[in-house]
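Enquirer: Below you'll find the structure I mean.
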Amino acid sequence: GNSVTQMEGPVTLSEEAFLTINCTYTATGYPSLFWYVQYPGEGLQLLLKATKADDKGSNKGFEATYRKETTSFHLEKGSVQVSDSAVYFCALSDSNSGYALNFGKGTSLLVTP
Amino acid sequence: GAVVSQHPSWVICKSGTSVKIECRSLDFQATTMFWYRQFPKQSLMLMATSNEGSKATYEQGVEKDKFLINHASLTLSTLTVTSAHPEDSSFYICSASEGVNTEAFFGQGTRLTVV
């Protein structure tokens, strides 16, 4: 079955540091890949997505590239801000799951001034 | 993006009672709605998928008689936790999408505490 593995948190960074949150997946089909963000006290929001191999999703300075050869979708940002403090979830969906999202456990990010 | 409203945002109930959680798509027609459960510091686990007008499809291990899902219209799905027990305390989240493989929009979640 499908599964998503992402790095354990919490991750603590200073403002303007470089961020990488690793995500790898297992899927029987050709999944779409997503990063969702959950800010404190808020619901889940789609941050970015990629629907096929070598696609790069980007939004708000965050990027992730769909790497089929390494089954990875690592999230990166060149310079984090305090406002980026949140929990980040990697997820996938495909036809085998009825397009329901299969989530990783989430990585908590804390950015300090 | 589209808005999904989930209500209530939190509820406390006594053991043995039932609780209904509503999930509404406010500005689009949600052909498909998903219900997830999130335990503290854990991921979201899919409970069931509901398509408007059809019976929900439950994931393995989810008791369909305990977690009743109704998706009677294109803008509303409800999850009823029947005869709730303390172990049902959790964070329940719904998402809605317009169709197959389209973006899913999430509600704010409902924190259920059974005492």
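Note that the protein sequences, when read in sequence, are chains A and U. Residues 1 to 113 (the working numbering) make up the first sequence, in order. Residues 1001 to 1115 (the working numbering) make up the second sequence, in order. Using N, Cα and C, we set each Cβ at its ideal position, and we do this for glycine too.
(1) Contact between the region 1004-1023 of chain U and the region 1074-1082 of chain U: three or more CB pairs below 8 Å?
(2) Is the beta carbon of A:G98 closer than 7 Å to that of U:W1113?
(3) With H, G and I counted as helix, E and B as strand and the rest as coil, what does DSSP make of U:V1115?
(4) Going by beta carbon distance, what residues of the same chain come within less than 6 Å of A:S3, once the five residues before and after it are set aside?
(5) Would you say A:K68 lies against chain U (beta-carbon separation less than 7 Å)?
(6) What does A:E42 touch in chain U if you count any residue whose Cβ is under 8 Å from its own?
(7) I believe A:L110 touches A:T12 by the beta-carbon criterion, under 8 Å. Please report the beta-carbon distance rounded to the nearest angstrom.
(8) Please confirm if U:D1046 has its CB atom under 7 Å from at least one CB of chain A.
(9) Since A:G115 meets chain U, which of its residues come closer than 8 Å, beta carbon to beta carbon?
(10) Might you give, ordered along the chain, the residues of its own chain that have their beta carbon closer than 7 Å to the beta carbon of U:L1046, omitting 5 neighbours on each side?
(11) Is A:Y39 buried or exposed, if buried means 16 or more other CB atoms sit within 10 Å of its CB?
(12) Return the bridge partner residues of U:H1007 from the DSSP annotation.
(13) Just the Cα atoms here: how many angstroms apart are A:S72 and U:S1054?
(14) Taking the C-alpha atoms as reference points, what is the distance between U:V1011 and A:A53?
(15) With 9 Å as the C-beta to C-beta threshold (strictly closer), list the residues of the region 51-68 of chain A near chain U in chain order.
(16) Which residue's Cα is closest to the Cα of U:Y1092: U:D1027, U:F1028, U:S1043, U:D1065?
(17) Can you give me the start and stop residues for the beta strand (DSSP E) that U:R1037 sits inside?
(18) Could you check whether the Cβ of A:A100 sits closer than 7 Å to any Cβ belonging to chain U?
(19) Using C-beta distances below 8 Å, list every residue in its chain close to U:T1110, excluding the 5 sequence neighbours before and after it, in chain order.
(20) For chain A, find out if any of its Cβ atoms is closer than 7 Å to the Cβ of U:P1034; answer yes or no.
(21) So, A:V87 versus A:P113, is the Cβ gap smaller than 7 Å?
(22) Hey, A:S108 and A:G9: beta-carbon distance below 7 Å or not?
Expert: Put simply:
(1) yes
(2) Within the second sequence, residue 1113 of chain U is the residue found at index 113, counting from 1. Within the first sequence, residue 98 of chain A is the residue found at index 98, counting from 1. Per the sequence shown, residue 1113 of chain U should be read as Thr rather than Trp. Result no, Cβ atoms of U:T1113 and A:G98 do not sit closer than 7 Å.
(3) By 1-based counting over the second sequence, the position of residue 1115 of chain U is 115. Residue state, collapsed to three classes: coil.
(4) Looking up residue 3 of chain A in the first sequence gives position 3. Cβ neighbours of A:S3 beyond the five flanking positions: T26.
(5) Position 68 of the first sequence holds residue 68 of chain A. Answer no: the Cβ-Cβ gap between A:K68 and chain U never drops below 7 Å.
(6) Counting from 1 along the first sequence, the entry for residue 42 of chain A is found at position 42. Those within 8 Å of A:E42 in chain U are Q1108.
(7) In the first sequence, counting from the first residue as 1, residue 110 of chain A sits at position 110. In the first sequence, counting from the first residue as 1, residue 12 of chain A sits at position 12. About 5 Å; that satisfies the 8 Å criterion.
(8) Counting from 1 along the second sequence, the entry for residue 1046 of chain U is found at position 46. Sequence check: residue 1046 of chain U is Leu here, not Asp. Taking Cβ atoms only, chain A reaches closer than 7 Å to U:L1046, which makes this a yes.
(9) The displayed coordinates of chain A run from 1 to 113. Any statement about residue 115 of chain A would go beyond what the structure contains.
(10) To locate residue 1046 of chain U, count along the second sequence from 1; it is residue 46. Closer than 7 Å at the Cβ level, and outside the excluded window around U:L1046, lie F1034, Y1036, E1059.
(11) Numbered from its first residue, the first sequence carries residue 39 of chain A at position 39. The residue is exposed, with fewer than 16 neighbouring Cβ atoms inside 10 Å.
(12) Position 7 of the second sequence, counting from 1, holds the residue named residue 1007 of chain U. DSSP lists U:E1022 as partners of U:H1007.
(13) Here the question's residue 72 of chain A lines up with position 72 in the first sequence. Here the question's residue 1054 of chain U lines up with position 54 in the second sequence. Whole-angstrom Cα-Cα distance: 35 Å.
(14) Stepping through the second sequence from its first residue, residue 1011 of chain U is reached at position 11. Stepping through the first sequence from its first residue, residue 53 of chain A is reached at position 53. If you take the alpha carbons of U:V1011 and A:A53, they lie about 42 Å apart.
(15) T51
(16) Indexing the second sequence from 1 puts residue 1092 of chain U at position 92. The option with the nearest alpha carbon to U:Y1092 is U:S1043.
(17) Here residue 1037 of chain U corresponds to residue number 37 of the second sequence, with the count starting at 1. 1032-1038 is the span of the beta strand (DSSP E), which, as asked, contains U:R1037.
(18) Position 100 of the first sequence, counted from the start, is the residue given in the question as residue 100 of chain A. Yes, contact with chain U.
(19) Sequence index remark: in the second sequence, residue 1110 of chain U carries index 110 (1-based). Hits under 8 Å: Q1006, H1007, P1008, S1009, W1010, V1011, I1021, F1091, Y1092, I1093.
(20) Translated into positions along the second sequence, residue 1034 of chain U becomes position 34. One detail in the question is off: residue 1034 of chain U reads as Phe in this sequence, not Pro. Cβ-Cβ to chain A under 7 Å: yes for U:F1034.
(21) Residue numbering aside, residue 87 of chain A sits at position 87 when the first sequence is read from its first letter. Residue numbering aside, residue 113 of chain A sits at position 113 when the first sequence is read from its first letter. Taking 7 Å as the cut-off, the beta carbon of A:V87 is found no closer than this to the beta carbon of A:P113.
(22) Taking the first sequence and counting its residues from 1, the one referred to as residue 108 of chain A is at position 108. Taking the first sequence and counting its residues from 1, the one referred to as residue 9 of chain A is at position 9. Contact flag set, yes.
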